[in-house]
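Let me begin by presenting the structure, written as structure tokens, before commenting on it.
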Amino acid sequence: MLSRVADSLYWMSRYLERAEHTARLVDVGLNLMLDQSPDSAERRWGRLLTSLQAPPQLAGLSDPQRITQAMTFEMENSTSIVACIAAARENLRQVREQISSEMWEQLNRLFIHVKGAKLDDIWHVSTHEFFRSVKEGAHLFQGITDSTMNHGEGWLFIQVGRYIERAGATATLLDVYAAESLDPKAPAAGPGSYLDWVGLLKACTAFEAYCKVYTADLRPERIAEFLLLNAECPRSVRFAADRIQSAFQAISAEAGARKSVRVNRLAGRLRAALGFGQIDEIMEAGLRAYLDDIRGQCAQIHAAIQQTYVAYPVDAALAS
Amino acid sequence: MLPDNDLDAAREGAPTFYDEMFERGGACRPQYRAIYERIDQMSAEELHRRQQAADLSFLHQGITFTVYGRDEGTERIFPYDLLPRIITGPEWATVERGLAQRITALNLFLKDIYHEGRILADKVVPAELVYTCRHFRREMRGVRVPRDIYVSVVGTDLVRLEDGRFVVLEDNLRVPSGVSYMLANRQVMKRVFPRLFGNYGVRPIDHYGQALLATLRALAPASRPEPTIVLLTPGVYNSAYFEHAFLARQMGVELVEGRDLLAHDNVVYMRTTAGLRRVDVIYRRLDDDFLDPLAFRPDTSLGVAGLFNAYRAGNVALANAIGTGVADDKALYAYVPAIIRYYLSEDPVLENVETYLLTDDAQRRHVSDNLDKLVVKAVGESGGYGMLIGPHSTADEREEFRRRIEAEPRNYIAQPTLALSQAPCLIEGNVEARHVDLRPYILCGEQITIVPGGLTRVALRRGSLVVNSSQGGGSKDTWVLYE
Chain S
1 MLSRVADSLY WMSRYLERAE HTARLVDVGL NLMLDQSPDS AERRWGRLLT
51 SLQAPPQLAG LSDPQRITQA MTFEMENSTS IVACIAAARE NLRQVREQIS
101 SEMWEQLNRL FIHVKGAKLD DIWHVSTHEF FRSVKEGAHL FQGITDSTMN
151 HGEGWLFIQV GRYIERAGAT ATLLDVYAAE SLDPKAPAAG PGSYLDWVGL
201 LKACTAFEAY CKVYTADLRP ERIAEFLLLN AECPRSVRFA ADRIQSAFQA
251 ISAEAGARKS VRVNRLAGRL RAALGFGQID EIMEAGLRAY LDDIRGQCAQ
301 IHAAIQQTYV AYPVDAALAS
Chain D
321 MLPDNDLDAA REGAPTFYDE MFERGGACRP QYRAIYERID QMSAEELHRR
371 QQAADLSFLH QGITFTVYGR DEGTERIFPY DLLPRIITGP EWATVERGLA
421 QRITALNLFL KDIYHEGRIL ADKVVPAELV YTCRHFRREM RGVRVPRDIY
471 VSVVGTDLVR LEDGRFVVLE DNLRVPSGVS YMLANRQVMK RVFPRLFGNY
521 GVRPIDHYGQ ALLATLRALA PASRPEPTIV LLTPGVYNSA YFEHAFLARQ
571 MGVELVEGRD LLAHDNVVYM RTTAGLRRVD VIYRRLDDDF LDPLAFRPDT
621 SLGVAGLFNA YRAGNVALAN AIGTGVADDK ALYAYVPAII RYYLSEDPVL
671 ENVETYLLTD DAQRRHVSDN LDKLVVKAVG ESGGYGMLIG PHSTADEREE
721 FRRRIEAEPR NYIAQPTLAL SQAPCLIEGN VEARHVDLRP YILCGEQITI
771 VPGGLTRVAL RRGSLVVNSS QGGGSKDTWV LYE
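Sequences listed follow chains S and D, in order. My numbering puts the first residue of the first sequence at 1, with every later residue one more than the last. My numbering puts the first residue of the second sequence at 321, with every later residue one more than the last.
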């Protein structure tokens, strides 16, 4: 498959995953706001903006309307939902003949829906409805992709993009919470912090799943274990790493094993680290350092994809 | 039931036009009789329903063209007329013979002017006409192209005169487009009128993709028995992108952009996830100017740096070759009959439209005095731009063209206003006559292949003679019969 096509599908998938993640976080943030004390508001919105890597000019804001506007509808903010969906659509548009027409129609519909909405329209009616429709639009696209596109190389690059983005996003989110709440100097646990943990799990659609495994007894190290190491939770880092590695194995089978050694080794290492990691050891050695390492590995995998499949140096390719 | 007079209205129209369906006396031509009867029986709603079914089919297949200059939602379907245009077996035999003769002669001409230049030395074609042409490529002097085939894919525009003869209006020898509409029109027609079509004895055209692939394969370097063929597109923003994607899919070849290709040591490669793959034949849908920033226009990133050197080294074939535009220059067109006689010692089967060359003083004076009766065309333009249609022009427009002609006579030609033939079309539920032309597609590889059919373009505006899609034209399916 053409490198450009693989690259476009990969980025399309990353952008769409990012849009969905942002929609969920903003939705949960607005929901938490209903139960907040004045001082917790600033902390919560700060966390949200940090974990979404929002542009610096938004830092310090705590006006929910302003933040929702910026993170949802502002085209100039490249981390906003509409900007991410537009970027996903532009990538898909470049490779339209490689995908099913149903996929294109769905993403186009989602784009038109989000682009046509305005804060005023949703603010006084139901923000939740709107964010749910964005999430559902993204889920529908994934379902359509799985059931109408050949599960060949192109589909595999879509998988890789989605799970690389997800692994990074979950790790970043956990890190933001860890920075604050696992800090011994942080304010003692109380009803407020309980809500924060619920917010974290909900931001990963993992609250109900967590309760089934650990009961509603929310403890930071258990939450960290669940979101990092659980093999079944679809938003855990471990789950994403599993999918990344198997996708790469299939890609190197399709594209020929040429030089895919490094990508496969990196993906295997990440999967093994999460598959065999012990939460008590991780906590003891420092959760933040561990998360840093995980994010570093994701970045390495991303760079290796580019070097192996997309922007490889011509000399190296000619020599082989 | 359609009121009778609706169909009969189509019989009228100016008597000087050839009518595809009706004879001069008003009788329906035999090849159209079955269609005439069928449509006569259909209610207006039924016709409307089928037209809608056809339009939806185009929309759902994404058969659209891009309209320039708008941000989003810039795709439209190409208007499609339900009623087919019919060409009989004997009529087609003449067309086919004429087209094959013409393309053979033009390929010989291109080879000649880029090598010995015999035809110029013999003063059959004035050398200055060739050398002043914007599309003449000095760089191609002495370059051997595979099988000496310069033009592999041609779309020739034909029109039918009052007496029913087909004549050549224009040769498109650079990157002719529209063939995807020919194929799509047929698919839709089969879906909308399956029984009528099945009983008519229409010759098939669906093998075009395969024939194109065989034509391209014939150009591959001999050392490459399993050649890699690609279709090079300017990208998704090009108005013909749909066609590029369509043809790539029909042939099963990779659709590439310039940035997917690179030239190294005079070999062209494409970048794939499995590494660099050598490319042997490029069906390029990109004008000469944009092919290689090192050889031609430097301010473009659509092409491939180093492509021309790889081409000159014979490591990659291009279809069509570089520099073919010199032979479809509108002023050179006037010499094509002479070119045919010169190389083939035959009379042209298909004649030209009478053409006045404005570099000749006597002809220029005649044109200047008769601008209100003539059509003036800029030699380098296509798509119906840069034209003056005398009978439909204002005095100011004519004065403007008179000035332009005096300033740059080499840039313009003039032709009589043509009486394009007319065919019945479905216009807002009524059957009305509209002017049509015909663009058959000729492939020239190991042999010459002409799929029996072509794109019949329709000037949908009443009385209009301009059929280009950019100027409000539509199209209809073209049936070439066995008999």
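Here a beta-carbon is modelled for each residue, glycine too, at the ideal position from N, C-alpha and C. The model shown is predicted, which means the values in this text are computed figures rather than measured ones.
Secondary structure of GLN65/S (DSSP, three-state): helix. The Cβ-Cβ distance between LEU489/D and ASP477/D falls below 8 Å. Annotation for HIS584/D: the continuous beta strand (DSSP E) segment containing it runs 581-584.
Closest by C-alpha distance to ARG591/D, out of GLU574/D, CYS453/D and LEU503/D, is GLU574/D. Taking CB atoms only, GLN94/S has a neighbour in chain D less than 8 Å away. The beta-carbon of THR620/D is placed no less than 8 Å from the nearest beta-carbon of chain S. Excluding sequence positions up to five before and after HIS302/S, its CB lies within less than 8 Å of the CB of ILE164, all in the same chain and listed in chain order. Each of ASN750/D, ASP442/D, THR414/D and VAL479/D was checked against the Cα of GLU365/D, and the nearest Cα belongs to ASN750/D. Apart from the 5 residues on each side of it in sequence, ASN629/D sits with its Cβ closer than 6 Å to the Cβ of ASN586 in its chain, given in chain order.
Beta-bridge annotation (DSSP): PRO736/D is paired with LEU694/D. Secondary structure at VAL114/S: helix, using DSSP grouped into helix, strand and coil. At a cut-off of 8 Å between beta carbons, VAL576/D contacts chain S. Shortest Cα-Cα distance from ALA241/S to any of ILE251/S, ALA272/S, GLN306/S and HIS21/S involves ALA272/S.
Distance check between LEU367/D and each of VAL800/D, ILE747/D and VAL787/D places ILE747/D closest, using alpha-carbon atoms only. Between CYS764/D and THR535/D, the beta carbon gap of about 7 Å places them in contact (Cβ cut-off 8 Å). By the Cβ test, the segment 16-32 of chain S is in contact with the segment 196-203 of chain S, since at least three Cβ pairs between them sit closer than 8 Å. Among the CB atoms of chain S, none fall inside 8 Å of the CB of GLY529/D. Taking 8 Å as the cut-off, the beta carbon of ARG243/S is found no closer than this to the beta carbon of ASN230/S. C-alpha of LEU738/D to C-alpha of THR675/D: approximately 11 Å in a straight line. For ALA565/D, the nearest beta carbon of chain S is closer than 8 Å to its own beta carbon. Shown here is that no member of the segment 452-472 of chain D has a Cβ falling below 7 Å from a Cβ of chain S. Within the segment 3-23 of chain S, contact with chain D at the beta-carbon level (separation under 8 Å) is assigned to SER3, ARG4 and ALA6. Secondary structure note for MET1/S: it is in no beta strand (DSSP E), with a DSSP letter that is neither H nor E. Annotation note: the segment 570-648 of chain D contains the following uninterrupted beta strand (DSSP E) runs of length 3 or greater, listed N- to C-terminal: 574-576, 581-584, 587-592, 595-598, 601-604 and 637-639.
The contact set of ALA647/D on chain S, defined by CB atoms closer than 9 Å, is empty, because the minimum CB distance reaches about 32 Å.
When Cβ-Cβ separations below 8 Å define contact, GLY518/D makes no contact with chain S. Neighbours of MET1/S in chain D, taken as residues at a C-beta separation under 7 Å, are given in chain order as THR592 and THR593. According to DSSP, residue pairing for GLY794/D in a beta bridge involves VAL778/D. In the structure shown, ARG461/D falls within a coil segment according to DSSP collapsed to helix, strand and coil. Taking 8 Å as the CB threshold, GLU136/S stays off the interface with chain D.
From the beta-carbon of VAL556/D, the residues of chain S found nearer than 8 Å are ARG93, GLN94 and ARG96. Contacts between LEU582/D and chain S, judged by CB atoms closer than 9 Å, involve VAL314 in chain order. Annotation for GLY199/S: VAL28 and LEU32 place their beta carbon closer than 7 Å to its own, counting only its chain and skipping 5 residues before and after.
Here ASN672/D is near VAL656/D, since their CB atoms are less than 8 Å apart. ALA250/S: member of the alpha helix (DSSP H) spanning 237-255, first to last residue. Rounded to whole angstroms, LEU652/D and MET502/D show a C-alpha spacing of 28 Å.
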